[in-house]
Structures are given as C-alpha cells and as structure tokens.
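Trainee: One gets the working numbering by counting positions in the sequence shown from 1 and adding 31 to each. Even for Gly, the Cβ is constructed at its ideal location relative to N, Cα and C. For reference, the structure I am asking about is given below.
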Amino acid sequence: MKIEKILSGISYKNPYNQPIDHIDILGITDDSREVQDGYMFIAVNGEKIDGHQYIDEAIQNGASVIVGERPTPLEKTVYLSVEQSKSVLGILAKNFYDTADKKQQIIGITGTNGKTTTSYMVKETLEAQGFQCGIVGTIQNIVNGQAFKTINTTPNPIKLHQLLHQSEDDVMIIEVSSHALKQDRVKGVDFDVAVFTNLEKEHLDYHSTMEDYFETKYQLFKQLKKNGLAIVSRDNSWGEIVYRRLKNQSYQLKTISTEVEASILLDTRQSTIQFANEKAMSFELKMPGEHNRLNATMTLLVGEYFGLDREKSMNVLRNFSSLPGRFESIHFPGNIRVVIDYAHTTKGIIYCLKAARECDAKRVIHVFGFRGDRDESKRADMLINSAMYSDQYILTLDDLNEQPEEEMVQTLHSYHAKYGHSQGKIIPDRTLAIKEAVEAADEGDIILVTGKGHELYNQAFQLGTNSDRETAEKLKQTVKDMSI
Numbered sequence: 032m033k034i035e036k037i038l039s040g041i042s043y044k045n046p047y048n049q050p051i052d053h054i055d056i057l058g059i060t061d062d063s064r065e066v067q068d069g070y071m072f073i074a075v076n077g078e079k080i081d082g083h084q085y086i087d088e089a090i091q092n093g094a095s096v097i098v099g100e101r102p103t104p105l106e107k108t109v110y111l112s113v114e115q116s117k118s119v120l121g122i123l124a125k126n127f128y129d130t131a132d133k134k135q136q137i138i139g140i141t142g143t144n145g146k147t148t149t150s151y152m153v154k155e156t157l158e159a160q161g162f163q164c165g166i167v168g169t170i171q172n173i174v175n176g177q178a179f180k181t182i183n184t185t186p187n188p189i190k191l192h193q194l195l196h197q198s199e200d201d202v203m204i205i206e207v208s209s210h211a212l213k214q215d216r217v218k219g220v221d222f223d224v225a226v227f228t229n230l231e232k233e234h235l236d237y238h239s240t241m242e243d244y245f246e247t248k249y250q251l252f253k254q255l256k257k258n259g260l261a262i263v264s265r266d267n268s269w270g271e272i273v274y275r276r277l278k279n280q281s282y283q284l285k286t287i288s289t290e291v292e293a294s295i296l297l298d299t300r301q302s303t304i305q306f307a308n309e310k311a312m313s314f315e316l317k318m319p320g321e322h323n324r325l326n327a328t329m330t331l332l333v334g335e336y337f338g339l340d341r342e343k344s345m346n347v348l349r350n351f352s353s354l355p356g357r358f359e360s361i362h363f364p365g366n367i368r369v370v371i372d373y374a375h376t377t378k379g380i381i382y383c384l385k386a387a388r389e390c391d392a393k394r395v396i397h398v399f400g401f402r403g404d405r406d407e408s409k410r411a412d413m414l415i416n417s418a419m420y421s422d423q424y425i426l427t428l429d430d431l432n433e434q435p436e437e438e439m440v441q442t443l444h445s446y447h448a449k450y451g452h453s454q455g456k457i458i459p460d461r462t463l464a465i466k467e468a469v470e471a472a473d474e475g476d477i478i479l480v481t482g483k484g485h486e487l488y489n490q491a492f493q494l495g496t497n498s499d500r501e502t503a504e505k506l507k508q509t510v511k512d513m514s515i
C-alpha cells in the first residue's frame, strides 16, 4: 500500500526531507520482532517499554519506514516524527487495513461489570435471526466462526484492525475496557452501537480517581457514529451522567432502569419488563441474578436497533445459559453446588451472592481473595459485603502479581480482623480453600468462588490444578470415588 494512504489523516513531520512518495508499505507493527522487509515500524513509548529502544532492531529486520516521537537521523531508512506515536497507531492501522470501508456494523460494550455476558447475549440473539457475529473480548476472540485465545480484553490497535479486516462477519462485538480507551487501543474504530453497563470502584490503581475512570469510559461515545445508538443503564449514577450528556445530542439514545423512566423498565422482583407505552411482559431467565436481567434487557435494545423480532429475542435470552467463569455451576453429589464467577468488584460479588440466594441455597459459602498490587480501595467493601450476604466466607489468594505471598497473607489477616466476622476464615492456598468449602458444605448449600472465573491460576497450589473449575472438577471426582 502506498505510504500516502497510510499516512492519511496523520499529522507528521519529515525532519530530514527524505523522499517518500515511491514507498510501498507491506506491513505495519509496533513490535520490532515482527518487522519484515518493507514494513513500517511505529516506535511507541508505552507503559513499560519504550519502542524507540528497538529502532535499530526494526531496521535490521527490514523496516523501510520508522515512525517515532523523537527525531533520529537514519542513513537508509525513512524517519517520520509525530507528536505521540500511541495516538496515531490506530489511525495508521485503520488506513493500512482499510477497515473504514467495511460494511460490517460494530458494537462496543463498556462498563465495570457485564461486558462479557452482554456480548454473548447480543451474539446469540443476533445469530438466532440470521446475522453472523464475531467477538473481541475477555474469554476469546471469534472471527468468521473461529475462536482464538486472547491476552487482553481489547487487543492493541494494530491487532484489532487486523481482526476487523479479516472478519467477514455481519457484526463485530467488541468489549471495550478502560485500559483500551486510555491506551488508544480502539482508536480509528467507529461504533454503530455503544453500550454502557455500569461503573463502580475498580482499577483505581490505574485511574487516579473515579472521575478519571468515568471520563475514560465515556470516550467510547465520542467514537459513536452520528446516527449510532447509545444504550445506557440509568440505575447507575455514572450511567445517569452519560444519559444527561447524550440526551440532547444527535445520537439515538435508549435506556433501561428499574426505577425511573426508560426505554425499558425492568421489575427485578416480578421478573417483568415493560417497553415504553406497552404492557409489562414476563421475562424469567434461566441465568439467575439481577445483573443478568439487566444485561438481557440491554441486549433487547440492541436487537431493536437491528430490527430483530422481539419475541424471538426474548426466547433466546430466556434460555441463555452460563458462560465459562460466569456463574458457572458444577453439581456435586448430595445436592451441593460449586459456582464459579469472575466477579472481582463489590457490586459483582453482591450480585452473585444474591443470585445464589435466588437458587434457593440453604447456605452460601463464599471463597474469594484480593489481587496483589491492584486496586486496594475496593477490598474493605468486598469483604464487608461478603460477610453480610454469605453465611460463611473463606479468604484466599488471588493473583499475586509479583507481590510477595507472605505480604498478601498478612493483608488477608489484617482485613479479616478489621472487617470480617467469626464465620469467616483464611486459607491462603486457593485449592485448599475450595476443598475446605466443599467439605464444610451440606445438602442444599452453594459454594460461590469468585475472582478468577475462566482465568488460569498464575501460581502453583497444592492440589496441582490450573483453574477454579479444574479444582472443583477434581474435588467432585474425589467425592464420587469416596462414595463408590
């Protein structure tokens, strides 16, 4: 591709007046290890690594053009300077992969909780009525019906635009994290639909304040097409701010609420929904929990945008089953159930504990921990609410993230002493904590294990398993063997 097309819309300087009109670019990357002959290498000053340190390696691997922030005279390689490499990366990728001209529609879903479940609910409702959908998200990426492992919720902009370029799907659904917005990973993507699920205390180790966290999330709506649809939950105070900002703008705006006027009013106690100026309808779901009813209600509004048959969509959602690590159940002999969920915020934990009660749990035993070197501001609330809504809790280790284990165990004891109660205990080994909960459970009890969900463990534990699900399955087999 001619370099002029790739540079379209980019403010850059050619500090050494090198001729560039003749250059064809065969690929672009910000990773010097991926550079091949004829590539453009973008040196990005990132969170931990400064790509300018790898310019020489990129040139050795065949780069014909370097884009960077600090002018560097090069003998045979063209150097173009920009104010901030990170901010132009998405536009360069958009131009190279020509994603602006694709006819597919793009849905962006952001919020602290509910992104993944809502994404898959949207996918199932659309596919039930003839649309082929791809997903870029936390559990996996799905493009053209094929699933791929993912590292981040939202990949870097070059990978994202490459996925959009490869996709022949009618619709692409993108989970948009605050990190992705802050780091310009979705730069150059124009959204047809933008969904705001909620916002609560999270990632304050990365965002200095809740206001910064919110403003970062709000960036998604600045990338919404002029005739696009914004869907917002008004029950969350931050969602109310989004609603007020958008209601007098050119976007289509749809809302959900359990309390105030909205496009769909949801009664979580009666499990009914009411579209504006219509009668209330029953909306019982197979998946328990108020949060899942909220996710499903937003999904219906997405369906309205695509012209889906409402009753067919409602039937799909009524029968929607759990995802890996999202209120995922493993049934043990003796009517004991282990439920695994990714919930790692206060509200997420409350939703899950209440959902367990909806399942007629005789008792709820909650196993969870805190992530090392991560947002400490939510820890007290997490424990306070676990103690309030569970019958017993077991504090254990989550990801250490290079924090010393002894230090984190001491933290668990400190929080337990200050915010816990006599029905709680501490078992640092996560697998042994789950084992203790299983052994303590009686008929009709639910053991709720939160924090990791579908993710693999980042450290070794005594039972030798690699995930909460694998731990539960191993314990289940042990129980079966003992009963033989």
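Looking at C-alpha atoms only, which residue of Asn-326, Leu-194, Glu-233 is the closest neighbour of Asp-129?
Mentor: Out of Asn-326, Leu-194, Glu-233, Leu-194 has the C-alpha closest to the C-alpha of Asp-129.
Trainee: Of the residues Ala-468, Cys-164, Tyr-424, Tyr-336, which one's Cα is nearest the Cα of His-452?
Mentor: The shortest C-alpha separation from His-452 is found at Tyr-424.
Trainee: Do you know how far the Cα of Ala-411 is from the Cα of Arg-349?
Mentor: 35 angstroms
Trainee: Looking only at its own chain, which residues have a Cβ that is under 6 angstroms from the Cβ of Leu-443, when we skip the five neighbours before and after it?
Mentor: Leu-426, Ile-457
Trainee: Can you tell me which residues form a DSSP beta bridge with Ile-140?
Mentor: Note: Ile-140 is bridge-paired with Glu-206, Val-226 in the DSSP secondary-structure output.
Trainee: Three-state secondary structure (DSSP) at Ile-415?
Mentor: In the structure shown, Ile-415 sits in a helix (DSSP, three-state: H, G or I).
Trainee: Please report how far the alpha carbon of Val-291 lies from the alpha carbon of Glu-271, in whole angstroms.
Mentor: 10 angstroms
Trainee: Helix, strand or coil: which one does DSSP assign to Ala-261?
Mentor: strand
Trainee: Could you check the C-alpha separation between Lys-507 and Leu-487 for me, to the nearest Å?
Mentor: 19 angstroms
Trainee: Take the Cβ of Glu-474 as the centre, count every other Cβ of all protein chains shown within 10 Å, and call the residue buried at 16 or more, exposed below.
Mentor: exposed
Trainee: When you compare the CB positions of Gln-283 and Leu-260, do they come within less than 7 angstroms of one another, or not?
Mentor: yes
Trainee: Could you tell me if Tyr-85 is buried or exposed, where buried requires 16 or more neighbouring beta carbons within 10 angstroms of its beta carbon?
Mentor: buried
Trainee: What whole-angstrom Cβ distance do Leu-431 and Asn-489 have, given they're in contact under 8 angstroms?
Mentor: 7 angstroms
Trainee: Using alpha carbons as the reference points, say which of Thr-330, Ser-302, Asn-323, Gln-301 lies closest to Ser-294.
Mentor: Thr-330
Trainee: Does the distance from the C-beta atom of Ser-116 to that of Lys-44 stay below 7 angstroms?
Mentor: In this structure, Lys-44 does not lie closer than 7 angstroms to Ser-116 by Cβ.
Trainee: Using beta-carbon positions only, say whether Glu-389 and Pro-435 come within less than 7 angstroms of one another.
Mentor: no
Trainee: Which of the three DSSP states, helix, strand or coil, is assigned to Leu-359?
Mentor: First, the residue type needs correcting, since residue 359 is Glu and not Leu in the sequence shown. Here Glu-359 sits in strand by DSSP.
Trainee: If you follow the beta strand (DSSP E) that Asn-172 is part of, which residue opens it and which one closes it?
Mentor: 172 to 174
Trainee: At a threshold of 6 angstroms, does Arg-357 count as lining the ligand NAD (C-beta to nearest heavy atom)?
Mentor: Only the bare structure without any ligand can be found here, which leaves the ligand NAD out of the picture.
Trainee: If you scan the region 432 to 504 from start to end, which runs of the beta strand (DSSP E) of 3 or more residues do you find wholly inside it?
Mentor: 455 to 457, 477 to 481
Trainee: With DSSP as the reference, label Tyr-373 as helix, strand or coil.
Mentor: coil
Trainee: Could you check if Pro-186 is buried or exposed, using at least 16 other CB atoms within 10 Å of its CB as the buried criterion?
Mentor: buried
Trainee: Should Asp-476 go down as buried or exposed, given a rule of 16 or more other Cβ atoms within 10 Å for buried?
Mentor: Around the Cβ of Asp-476, a 10 Å sphere holds 16 or more other Cβ atoms; the residue is buried.
Trainee: In terms of residue numbering, what span does the beta strand (DSSP E) encompassing His-397 cover?
Mentor: Per DSSP, His-397 belongs to the beta strand (DSSP E) from 395 to 401.
Trainee: Pair every Cβ in the region 220 to 239 with every Cβ in the region 95 to 111, then say whether three or more of these pairs are closer than 8 angstroms.
Mentor: no
Trainee: For Val-167, which three-state DSSP category applies?
Mentor: strand
Trainee: Is the CB-CB distance between Ile-205 and Val-167 below 7 angstroms?
Mentor: Between Ile-205 and Val-167, the C-beta spacing is below 7 angstroms.
Trainee: Please name the residue or residues paired with Ile-367 in a DSSP beta bridge.
Mentor: Phe-363
Trainee: With DSSP collapsed to three states, give me the class of Ile-80.
Mentor: coil
Trainee: Going by alpha carbons, who is nearest to Ala-418 out of Asp-406, Arg-394, Lys-253, Gly-121?
Mentor: Arg-394
Trainee: Along the chain, where does the alpha helix (DSSP H) that runs through Met-329 open and close?
Mentor: 321 to 336
Trainee: Helix, strand or coil: which one does DSSP assign to Gly-99?
Mentor: Three-state DSSP puts Gly-99 in a strand.
Trainee: Suppose you measure from the CA of Leu-123 to the CA of Gln-250; what does that come to, to the nearest Å?
Mentor: 20 angstroms
Trainee: Can you grab the Cα-Cα spacing for the pair Thr-156 / Asp-62, in whole Å?
Mentor: 38 angstroms
Trainee: What does DSSP give as the partner residues of Ala-178 in its beta bridges?
Mentor: Ala-178 is bridged to Ile-173.
Trainee: Per the DSSP calculation, Met-312 is bridged to which residue(s)?
Mentor: Ile-304
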